[in-house]
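So the sequence shown is numbered by full-length UniProt numbering: it starts at 1 and just counts up by one.
Inspection log for the structure reproduced underneath, given as structure tokens.
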Amino acid sequence: MSQETIFTKIINREIPADIVYEDELSLAFRDINPQAPFHI
């Protein structure tokens, strides 16, 4: 049994995210509560 996480929902575009980079192996998005000015 697999449980959906917030990360799988972002990958599946079920919830919005500020995606800054994507390719066939990775996905980078901005943190909603960054600890640094450029926290990704």
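Don't be surprised by glycine CBs; every beta carbon is placed ideally from N, CA and C.
What number of angstroms, rounded off, separates the C-alpha of residue i from the C-alpha of residue j?
| i | j | result |
| --- | --- | --- |
| Ile11 | Leu27 | 8 Å |
| Tyr21 | Asp31 | 13 Å |
| Glu14 | Phe7 | 10 Å |
| Phe38 | Asp23 | 20 Å |
| Gln3 | Ala36 | 30 Å |
Looking only at its chain, what residues have a beta carbon closer than 6 Å to the beta carbon of residue i, apart from the 5 residues adjacent to it on each side?
| i | result |
| --- | --- |
| residue 57 | Coverage of the chain is limited to positions 1 through 40, which leaves residue 57 absent and any answer about it impossible. |
| Ile19 | Phe29 |
Using a Cβ-based criterion (distance less than 7 Å to any ligand heavy atom), does residue i qualify as near the ligand NAD?
| i | result |
| --- | --- |
| Arg30 | No copy of the ligand NAD appears in this structure; indeed no ligand is present at all. |
Apart from the five residues just before and just after residue i, which ones in its own chain have a Cβ nearer than 7 Å to its Cβ?
| i | result |
| --- | --- |
| residue 42 | Outside the displayed span of the chain (1 to 40) sits residue 42, for which this structure offers no information. |
Quick check for students: name the residue ranges of the alpha helix (DSSP H) that lie wholly in the UniProt domain "HIT" (6–40), counting only runs of 4 or more. The UniProt domain "HIT" (6–40) contains these whole alpha helix (DSSP H) runs: 6–11.
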